[in-house]
Amino acid sequence: MLLSLTLISTQFNMNVGEVILANILGFIFSFIGVQSAGDTDINPISTVAKASQLIFGGVAKGQGLGQVDGMRLNLVGGIVAGGAAAQSTDMTGDLKTGHLIGAKPKVQFVAQLVGSTVASFLTVGLFVLFTKASPCILYPPEDGVCAYGAPPVSAWAAVATAVTAPKLPIPPSSGYTAISLSILAAICVVVKHLWIPRKYWHWVPNWNAIGLGFVVPQVFYAVAMGFGSIAYYFDMYGFPFAAGLLAGEGLGGVVQALLTVAGVGGDGITRGTSVGCPGFEFCG
């Protein structure tokens, strides 16, 4: 808290009250993230935390800030709230995993502290690397084509623009619908735990999963479910296989960015190769 107060108030011109509000929102969102991740194995914080943007949009308008200053307040406050909640969710999952394999919490905390310290420098370096390799990340082209589209980033920017506009470009019916669904979900949870026997709980809709289905734009979850069901057949052998695929994809992206910065593989004809690409056309 003290560190965030010091850095954010000096670097982004947010007052103490706004920083405290962002941390309180992060604390509240952490419960939502942990519960949803436990039910669906998906951390919804990048979506849920956009509610903080609505709140900070109201704060900016209440202070009479211009759109540029309002967007800065909106994004910084929202990222602080969402980031705190996301880290809480990830840490809970890590501690649960450590508990299942018998690891000591003290050792895990030390490992996370060391990892966070290294990652704070590593992530900045990777960001600089990828933005140098693909400038479209920071400066999107008019056609919108970019190797790293980052849909969540576009969503954050769109919400920040909307809530700081002179008139909110969202119909009131959207707010009424969201409030109604929230009340319905809360009632279902209460009824489930108080009056429905546990053996029938699987018949109660999981509103976390339903909500994620509304807002998550990716379409590869069906493919993931298909491959997951196949990997489940091979029991524990599927886990190292999946881990290898994930690590290979990430490391491959880093290598590709390094080659692009070095001037190798830019067009796939004179400095790269199209071997292995669909239609024998460069796909790097």
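All residue numbers for the sequence shown refer to our numbering, where the first residue is -15 and numbers rise by one. Cβ atoms here follow ideal geometry from the backbone N, Cα and C, with glycine treated the same way.
DSSP places Y123 outside both helix and strand once states are collapsed to three, so it counts as coil. Where R56 is concerned, the enclosing alpha helix (DSSP H) starts and stops at Q51 to L84. Taking a C-beta distance under 8 Å as the contact criterion, N192 and S14 do not qualify as a contact pair.
For the options M(-15), T(-10) and T244, the alpha carbon positioned closest to that of P119 is the one of T244. Rounded to whole angstroms, the separation of the alpha carbons of N7 and G41 is 16 Å. Per DSSP, the unbroken alpha helix (DSSP H) holding I163 starts and ends at P156 to W179. By the C-beta density criterion, L230 is exposed, having fewer than 16 other C-beta atoms within 10 angstroms.
Inter-residue distance for A246 and A141 is about 31 Å (C-alpha atoms, whole angstroms). Judged by DSSP secondary structure, G228 falls within the alpha helix (DSSP H) whose first and last residues are G222 to V245. The DSSP-derived three-state label of S118 is coil. With fewer than 16 other Cβ atoms inside 10 Å of its own Cβ, M(-15) counts as exposed.
Residue state for Q47 is assigned as coil, using DSSP reduced to three classes. In the three-state reduction of the DSSP assignment, D25 falls in the coil class, being assigned neither a helical nor a strand state. Per DSSP, reduced to three states, the secondary structure at P153 is coil, with no helix or strand assignment. By a beta-carbon distance limit of 8 Å, L57 contacts E2. Their separation comes to about 7 Å. Cβ contact annotation for M55 (same chain, cutoff 6 Å, sequence separation greater than five): A144 and T148, in chain order. Shown here, F218 sits in coil according to DSSP, grouped into three states, outside any helix or strand.
Only residues of its own chain outside the window of five on either side were considered, and among them none has a CB closer than 7 Å to the CB of V175. About 4 Å separates the beta carbon of A65 from that of L9, a gap short enough to meet the 8 Å contact definition.
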